[in-house]
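Trainee: Okay, here's the structure, questions in a sec.
In the numbering used here, the protein residues as written are -8 to 505.
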């Protein structure tokens, strides 16, 4: 048996009364979190879901996420986490492509009406049979959306005990949607073995205290937050202090109030903490408690790294990984020399090398494309054997990221061979945006690229050729895009052109556009 839910179950046995999850004034013990997860598992079994079936989960960083996540795993059911910013069209695609049989969706807020978007996407699919709405107000007794089943009522009559299904290490635990430069997003199948090993090895990179308190600002629907904060936090019996939406002032307040000693974030989060006008008293408290800080998602600017060290007296350790690698593949370990600007050394049990376009190994410094092999490599892309074969060969996964390597084996990212844009730590894939932009009646051709941005790392820019006689303006097209895409995705900049640079075969030269 190697069920990832052992992370919660073992912690509940050892430290039942310790706070597992904190959100504002709500504090849930490990025993209570495990009990609710058991109710979710019983609910799924009662509704006819069987091991290997899939459920979708759309929730920000609130207690519902670990409740449903580990409840599904206990039942042997595969979890498909969805970005809370997705729009109905995108949600419907993910539900259909993953063949999810149930959808657990947070109600949301007036500013982020996730429940309404989720239910609209659910209604567009045929295979998904159950929609459970998780209320923003836990005391609510009825669903505000007609036709949506209230989550709390659904689990209310379910037993609080459940014997976890025995899963094999190679059984799929989670399907995380990512994308290449062509086609729609595709689901990376991560196994119980992938995720459990990555949590254990990631945990070993840091010294434990008697009781760690982690500020979970990274979204749990993202693999970085899922593995490095939630799963690692539960493995070390820590307390997860949840922050549903990152805000520097709120983050500082929680660090001070809860005496947070572990934090992980993307570079834009550190940039916000650095530029926040934190009071001297709060800075002093954070300096006294914060012991571990790690960064990933995109390259961390050197000035931010130096600034955080000067302000909070903590060194940010940089790492590297992808959804397909569970995610951690390399890290600047605290027990080894730290090299700023480097993504560090491969973690235990993982190999990295540089390859060329033909998969041939490149010796020495490189540069070359990073390839990874080890316990962290995904099972494959769900229902996409050709995409899997193109990404994995002889156990090696090609990342699309170009790097160099120094004589001591430290890796340094220097470019991306894929066209992927990283905006504020979120992956944005141009092909998807281009295809939807071209459904606008006034758009003849579109090319989307990332352009440098001070706080987000990259901003999304669309170069557009209008259809003859069209008069759509930049503001109008941006507003239209905002309706079509999640808030982190839509192009903020539009430039109209009469023509785009192309090769002789008609391929747009995005390098020239950048």
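Think of the CB as a built atom: it goes at the ideal place given N, C-alpha and C, for glycine as much as any other residue.
State the Cα-Cα distance for the pair residue 158 and residue 235, rounded to the nearest angstrom.
Mentor: If you number the chain shown from 1, residue 158 lands on position 167. If you number the chain shown from 1, residue 235 lands on position 244. Looking at the two C-alpha atoms, the distance is approximately 31 Å.
Trainee: Tell me which residue opens and which closes the beta strand (DSSP E) that residue 4 is part of.
Mentor: Within the chain shown, residue 4 is the residue found at index 13, counting from 1. Taken as a continuous stretch (DSSP letters only), residue 4 belongs to no beta strand (DSSP E), being part of the alpha helix (DSSP H) at -3 to 5.
Trainee: Can you list the beta strand (DSSP E) stretches of 3 or more residues lying completely in the segment 132 to 220, in chain order?
Mentor: Listed in chain order, they are 163 to 169, 177 to 182 and 204 to 207.
Trainee: Reducing DSSP to helix, strand and coil, say where residue 246 ends up.
Mentor: Here the question's residue 246 lines up with position 255 in the chain shown. Residue 246: helix per DSSP, three-state reduction.
Trainee: Is it right to say residue 149 is buried, meaning 16 or more other beta carbons lie within 10 angstroms of its own, or is it exposed?
Mentor: Residue numbering aside, residue 149 sits at position 158 when the chain shown is read from its first letter. Classification for residue 149: buried.
Trainee: How many whole angstroms separate the CB atoms of residue 456 and residue 490, which I take to be in contact at a CB cut-off of 8 Å?
Mentor: The sequence position of residue 456 within the chain shown is 465, counting from 1. The sequence position of residue 490 within the chain shown is 499, counting from 1. Going by Cβ atoms, the distance from residue 456 to residue 490 rounds to 7 Å, so yes, they are a contact pair.
Trainee: When you compare only the Cα positions, how much space is there between residue 56 and residue 33?
Mentor: Here residue 56 refers to the residue found at position 65 of the chain shown. Here residue 33 refers to the residue found at position 42 of the chain shown. Their Cα atoms are separated by approximately 17 Å.
Trainee: Going by DSSP, which residues form a beta bridge with residue 352?
Mentor: Taking the chain shown and counting its residues from 1, the one referred to as residue 352 is at position 361. BP columns for residue 352 point to 346.
Trainee: In three-state terms, what does DSSP make of residue 371?
Mentor: Position 380 of the chain shown, counted from the start, is the residue given in the question as residue 371. Three-state DSSP puts residue 371 in a strand.
Trainee: Within this structure, are the beta carbons of residue 169 and residue 204 separated by less than 8 Å?
Mentor: The residue given as residue 169 occupies position 178 in the chain shown. The residue given as residue 204 occupies position 213 in the chain shown. No, the pair does not count as a contact, with Cβ atoms beyond the cut-off.
Trainee: Following the continuous beta strand (DSSP E) through residue 360, name the residue where it begins and the one where it ends.
Mentor: The residue you call residue 360 lines up with position 369 of the chain shown. Element bounds for residue 360: 359 to 365.
Trainee: Quick test of your reading: residue 363 and residue 387, contact by CB under 8 Å. State the CB separation rounded to the nearest angstrom.
Mentor: Position 372 of the chain shown holds residue 363. Position 396 of the chain shown holds residue 387. Rounded, the Cβ-Cβ distance is 7 Å, consistent with contact.
Trainee: In this structure, how does DSSP classify residue 389 when only helix, strand and coil are distinguished?
Mentor: Along the chain shown, one-based indexing puts residue 389 at 398. Looking at residue 389 - three-state DSSP - the assignment turns out to be strand.
Trainee: For residue 497, which residues of its own chain have a beta-carbon under 7 Å away from its beta-carbon, when the five flanking residues on both sides are left out?
Mentor: Position 506 of the chain shown holds residue 497. Only weak support is given to the placement of residue 497: the predicted model assigns it a pLDDT of 47, under 50, and the value that follows is read from those uncertain coordinates. If we look at residue 497 and ignore the five residues flanking it on each side, it has no Cβ neighbours.
Trainee: Candidates 194, 273, 251 and 333: which alpha carbon is nearest residue 287's?
Mentor: Working through the chain shown from its first residue, we reach residue 287 at position 296. Residue 333 is the option with its Cα nearest to residue 287.
Trainee: Count the other CB atoms within 10 Å of the CB of residue 350; is the residue buried (16 or more) or exposed (fewer)?
Mentor: Residue 350 sits at position 359 when you count from the first residue of the chain shown. Flag for residue 350 reads exposed.
Trainee: Any idea if residue 535 is buried or exposed, counting beta-carbon neighbours within 10 angstroms, 16 or more meaning buried?
Mentor: The chain is shown from -8 up to 505; residue 535 falls before or after that span and cannot be answered.
Trainee: Name the residue from 416, 284 and 162 whose alpha carbon lies nearest to the alpha carbon of residue 369.
Mentor: By one-based count along the chain shown, residue 369 stands at place 378. Nearest C-alpha to residue 369: 162.
Trainee: Can you give the Cα-Cα distance for residue 448 and residue 260, rounded to whole angstroms?
Mentor: On the chain shown, residue 448 is found 457 positions in, with the first residue counted as 1. On the chain shown, residue 260 is found 269 positions in, with the first residue counted as 1. About 11 Å.
Trainee: Counting only the same chain and skipping the five closest in sequence on each side, list residues whose C-beta sits under 7 Å from that of residue 194.
Mentor: To locate residue 194, count along the chain shown from 1; it is residue 203. Counting only Cβ-Cβ distances below 7 Å, and skipping sequence neighbours, we find 223, 226 and 227.
Trainee: Between residue 31 and residue 62, which are expected to be in contact by the criterion C-beta below 8 Å, what is the C-beta distance as a whole number of angstroms?
Mentor: On the chain shown, residue 31 is found 40 positions in, with the first residue counted as 1. On the chain shown, residue 62 is found 71 positions in, with the first residue counted as 1. Contact flag correct, Cβ pair sits at about 3 Å.
Trainee: What is the DSSP secondary structure of residue 447, counted as helix, strand or coil?
Mentor: Here residue 447 is taken as the residue at index 456 of the chain shown, counted from 1. Residue 447: coil per DSSP, three-state reduction.
Trainee: Suppose contacts are defined by Cβ-Cβ distances below 8 Å. Is residue 507 in contact with residue 45 by that definition?
Mentor: This structure gives no information on residue 507, because the portion of the chain shown stretches from -8 to 505.
Trainee: Starting from residue 499 and walking both ways along the alpha helix (DSSP H), at which residues does that stretch end?
Mentor: As a position in the chain shown, residue 499 is number 508, starting the count at 1. Premise fails: residue 499 is in no alpha helix (DSSP H) and is neither H nor E.
Trainee: Can you tell which of 411, 383, 212 and 258 has its C-alpha closest to the C-alpha of residue 297?
Mentor: For this step, residue 297 is matched to residue 306 along the chain shown. When each option's Cα is compared against that of residue 297, the closest is 258.
Trainee: Would you give the residue range spanned by the beta strand (DSSP E) that residue 125 belongs to?
Mentor: Taking the chain shown and counting its residues from 1, one reaches residue 125 at position 134. Per DSSP, residue 125 belongs to the beta strand (DSSP E) from 121 to 125.
Trainee: What's the C-alpha gap between residue 244 and residue 418?
Mentor: The residue given as residue 244 occupies position 253 in the chain shown. The residue given as residue 418 occupies position 427 in the chain shown. The alpha-carbon atoms of residue 244 and residue 418 are separated by roughly 28 Å.
Trainee: On a Cα-Cα basis, can you pick out the residue from 446, 443 and 458 that is closest to residue 436?
Mentor: Counting from one through the chain shown, the residue named residue 436 turns up at place 445. The shortest Cα separation from residue 436 among 446, 443 and 458 belongs to 458.
Trainee: May I have the straight-line CA-CA distance separating residue 127 from residue 133, to the nearest angstrom?
Mentor: Here residue 127 corresponds to residue number 136 of the chain shown, with the count starting at 1. Here residue 133 corresponds to residue number 142 of the chain shown, with the count starting at 1. Distance between the alpha carbons of residue 127 and residue 133: 12 Å.
Trainee: According to DSSP, is residue 80 part of a helix, a strand, or is it coil?
Mentor: The count along the chain shown starts at 1 and reaches residue 80 at position 89. Here residue 80 sits in helix by DSSP.
Trainee: Quick check on the DSSP output: the beta strand (DSSP E) that includes residue 45 runs from which residue to which?
Mentor: Mapped onto the chain shown, residue 45 falls at position 54. Unbroken beta strand (DSSP E) run through residue 45: 45 to 49.
Trainee: Jot down the residue ranges of each uninterrupted alpha helix (DSSP H) in the segment 244 to 279, minimum 4 residues, whole runs only, in chain order.
Mentor: With a minimum length of 4 residues, the continuous alpha helix (DSSP H) runs that stay inside the segment 244 to 279 are 258 to 266.
Trainee: Mapping DSSP to helix, strand and coil, what is residue 281?
Mentor: Taking the chain shown and counting its residues from 1, one reaches residue 281 at position 290. Here residue 281 sits in coil by DSSP.
Trainee: Nearest to residue 442 by CA position, among 200, 167, 105 and 413, is which residue?
Mentor: Here residue 442 refers to the residue found at position 451 of the chain shown. It is 413 whose Cα lies nearest to the Cα of residue 442.
Trainee: By how many angstroms is the C-alpha of residue 430 removed from the C-alpha of residue 438?
Mentor: What you label residue 438 is simply residue 447 of the chain shown in a count that begins at 1. What you label residue 430 is simply residue 439 of the chain shown in a count that begins at 1. Taking the straight line from one Cα to the other gives about 13 Å.
Trainee: For residue 395, collect the residues of the same chain with a Cβ closer than 7 Å to its Cβ; drop the 5 residues on either side in sequence, then sort them by chain order.
Mentor: Here the question's residue 395 lines up with position 404 in the chain shown. The answer, listed in chain order, is 356, 357, 358, 403 and 405.
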